[in-house]
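Below you'll find the structure, written out as structure tokens, and then a few comments.
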Amino acid sequence: MPKFKTLKQVDLKKKRALLRVDLNVPLGENMKVDENEKWRIETIIPTLKYLIKQKAKIILISHLGRPKGKKDKKLSLKPIANELKKTLKKKIIFSEEIIGWKIEKKIERMKFGNILMLENIRFLSGEEKNSPELAKDLAKLGDVFINEAFANSHRQHASMIGIPEHLPSFAGFLFKKEIEELDKILKKPKHPLITIIGGAKISTKVKVINKFLKIADNVLIAGAVANTIFAAQRFFMAKSVIEKDAFPEIKKINLKNPKLFLPNDLVAFAKGTIRHHEIDEIEKGEKVLDIGPKTIYSFSDLIEKAKMIVWNGPLGLVEQKPFDKSSKIITEAIAESKAYSIVGGGDTIAFIKKIGKEKVFNHLSTAGGAMLDYLANETLPGIEALKK
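Under the numbering used here, think of the first position of the sequence shown as 210, with each following residue one higher.
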């Protein structure tokens with residue numbers, strides 16, 4: 210595990226603890242947290258309880274969505290603060306001010322053991338630009354900084370890597386656990402090790418695919434990631450979701466590697482009709498929305514023999530039946546296997562929660578992109594910032 214200090218290595222009594230969390234939880238039209246997303250809020254509860262017990266003043270920093278440096282009522286953290294209050298059964302002070310003398314005074318008046326949540330940090334344009342001035346202003350609000358946002362630690366943002374330049378910095382319990390779990394794959398893998406890569410974008414996954422072609426026994430590719438590979442190989446993919454800009458990146462993958470398994474049949478949809486196809490049979494107007502039965506069978510067969518499984522990204526359009534079929538069957542195959550299993554990525558976990566299969570997996574990672582980046586590079590900007 211990378212070397213950095215953790216929460217239990219600091220005296221927090223009567224300290225102002227700046228706690229960077231990832232409460233980027235989708236809100237429904239009613240501005241309430243979806244039932245299948247509440248688990249993300251629950252993951253930070255042990256750290257909060259520890260800080261309360263230590264009599265620290267807790268100042269929460271998080272982002273929600275992509276407001277592009279401007280205030281957006283639909284992306285306010287207030288509904289998240291209300292949900293956290295219910296989960297923790299403790300009052301959460303909410304502040305629309307993020308930096309400046311007003312919030313500094315509010316924190317000064319806080320009682321030790323109380324929690325204050327700042328408004329969406331991405332309402333400030335300096336956050337995503339990693340503004341040194343913003344980092345300095347945020348650091349004024351605390352005595353120590355704790356990173357509990359592993360899922361956002363691949364971002365070089367002011368609240369992630371800027372604040373540690375000014376304050377003693379530590380990893381939270383969840384942050385540490387995420388790294389320990391992913392290190393089981395990198396440092397102590399059990400073989401056969403199977404990696405399942407799905408989802409929409411391949412551009413963020415090329416590095417991790419190449420890494421697993423070295424360390425895993427099999428790499429199974431599905432979803433729009435597979436569509437893009439087929440399109441780059443000049444197969445006709447009609448109206449399927451593909452990432453054309455990623456074609457040059459695909460050249461970096463050895464597609465002839467015997468460890469790499471691409472679908473050999475697909476499920477396509479057009480004008481209310483669902484059809485099963487071989488790869489070279491996609492017709493005009495069709496969209497590929499899932500992998501076919503032959504591929505499901507071959508993937509399940511490999512999973513049955515696995516000792517360790519890593520999964521990131523759905524295999525089909527899980528939001529719409531019957532294109533969730535392959536993801537359901539693969540989840541069942543993982544449940545029936547004796548493999549140690551780790552799953553990450555928001556869409557994948559939301560689906561697993563929806564079908565009530567979360568207990569199948571040994572670890573549900575809060576991270577998607579950060580999980581892939583850590584597995585590919587064995588570090589992240591947020592980790593490096595804690596080492597300083």
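Note that beta-carbon positions come from the ideal geometry of N, C-alpha and C, so glycine has one too. Just so you know, these numbers come straight off a predicted model, no measurement behind them.
Same chain, Cβ closer than 7 Å to residue 375, neighbours up to 5 away in sequence not counted: Excluding positions up to five away in sequence, the list reads 344, 345, 348.
Buried or exposed: where does residue 464 fall if 16 or more other Cβ atoms within 10 Å of its Cβ makes it buried? Exposed, because fewer than 16 other Cβ atoms sit within 10 Å of the Cβ of residue 464.
Endpoints, beta strand (DSSP E) assigned at residue 379: Residue 379 -> beta strand (DSSP E) spans 378 to 380.
Which term fits residue 224, buried or exposed, when burial requires 16 or more other beta carbons within 10 angstroms of its beta carbon? It counts as buried.
Starting from residue 557, follow its DSSP beta bridges and name the residues at the other end. Bridge pairing for residue 557: absent [DSSP].
Outcome for residue 369 when other beta-carbon atoms lying within 10 angstroms are tallied against a minimum of 16: Counting Cβ neighbours within 10 Å, residue 369 comes out buried, since at least 16 surround it.
Is any non-hydrogen atom of the ligand HEM found closer than 7 Å to the C-beta of residue 529, if you look at the structure I gave you? Although the ligand HEM was asked about, the structure shown includes no ligands whatsoever.
According to the neighbour-count rule (16 or more other Cβ atoms, all chains shown, within 10 Å of its Cβ), is residue 483 buried or exposed? Residue 483 sits exposed, since fewer than 16 C-beta atoms from the chains shown fall within 10 Å of its C-beta.
Look up residue 261 in the DSSP assignment and give the residues it is bridged to. In the DSSP assignment, residue 261 forms no beta bridge with any residue.
Own chain, CB closer than 6 Å to residue 184, minus 5 neighbours either side, in chain order: Residue numbering for the chain in the displayed model covers 210 to 597; residue 184 lies beyond these limits and cannot be assessed.
Going by DSSP in three states, residue 387 sits in which element: helix, strand or coil? The answer is helix: DSSP assigns residue 387 an H, G or I state.
DSSP on residue 324, reduced to helix/strand/coil? Reduced to three states, the DSSP call for residue 324 is strand.
Roughly how many whole angstroms lie between the Cα atoms of residue 321 and residue 262? Going from the Cα of residue 321 to the Cα of residue 262 covers about 10 Å.
Checking 8 Å against the spacing of the C-beta atoms, do residue 478 and residue 495 come in under that value? Judged by beta-carbon spacing, residue 495 lies within the 8 Å limit of residue 478, meaning their Cβ atoms are closer than that value.
Mark residue 310 as exposed unless 16 or more other C-beta atoms lie within 10 angstroms of its C-beta, in which case mark it buried. When all chains shown are included, residue 310 counts as exposed.
The beta strand (DSSP E) spanning residue 427 covers which residue range? Counting along the chain, the beta strand (DSSP E) containing residue 427 begins and ends at 427 to 430.
Tell me the residue span of the alpha helix (DSSP H) that contains residue 580. In the DSSP annotation of this structure, the continuous segment of the alpha helix (DSSP H) that includes residue 580 starts and ends at 578 to 586.
Within 10 angstroms of the Cβ of residue 472, are there 16 or more other Cβ atoms? Answer buried if so, exposed if not. Answer is buried; the Cβ neighbour count reaches 16.
Under three-state DSSP, which class holds residue 213? Looking at residue 213 - three-state DSSP - the assignment turns out to be coil, as it is neither helix nor strand.
By a C-beta neighbour count over all protein chains shown, 10 Å radius and 16 as the cutoff for buried, is residue 240 buried or exposed? With fewer than 16 Cβ atoms within 10 Å of its Cβ, residue 240 is classed as exposed.
How big is the Cα-Cα spacing for residue 332 and residue 276? Those two C-alpha atoms are separated by around 6 Å.
Tell me residue 478's beta-bridge partners as DSSP assigns them. Beta-bridge pairing links residue 478 to 483, 496.
Distance between beta carbons of residue 304 and residue 328, contact taken as under 8 Å: About 6 Å separates the CB atoms of residue 328 and residue 304; that is less than 8 Å, so the two are in contact.
When the Cα atoms are used, what is the spatial distance from residue 510 to residue 546? Taking the straight line joining both Cα atoms gives about 10 Å.
Between which residues of its own chain and residue 219 is the CB-CB distance below 8 Å, once the five residues before and five after are set aside? Excluding positions up to five away in sequence, the list reads 353, 377, 379.
For residue 597 and residue 373, which I take to be in contact (beta-carbon distance under 8 Å), what is that distance rounded to the nearest angstrom? Rounded to whole angstroms, the Cβ separation of residue 597 and residue 373 is 6 Å, and the two are in contact under 8 Å.
Find out if the Cβ-Cβ distance for the pair residue 468, residue 426 is shorter than 8 Å. Yes. Within cutoff.
Tell me whether the segment 408 to 424 and the segment 533 to 542 touch, counting them as touching only if at least three CB pairs, one residue from each stretch, are closer than 8 Å. The segment 408 to 424, when compared against the segment 533 to 542, does not touch it at the 8 Å Cβ threshold.
Does residue 226 come out as helix, strand or coil in the three-state DSSP assignment? Look at residue 226 here: in three-state DSSP terms it is strand.
Between the C-alpha atoms of residue 244 and residue 558, what's the straight-line distance to the nearest angstrom? About 12 Å.
By a C-beta neighbour count over all protein chains shown, 10 Å radius and 16 as the cutoff for buried, is residue 466 buried or exposed? It is exposed - the Cβ of residue 466 has fewer than 16 other Cβ atoms within 10 Å.
First and last residue of the alpha helix (DSSP H) that includes residue 456? Residues 456 to 459.
C-alpha gap between residue 317 and residue 392, whole angstroms: Each residue's Cα considered, the two are about 40 Å apart.
Leaving out the 5 sequence neighbours to the left and right, which residues in its chain are closer than 6 Å to residue 455 when beta-carbon positions are compared? Counting only Cβ-Cβ distances below 6 Å, and skipping sequence neighbours, we find 411, 412, 437.
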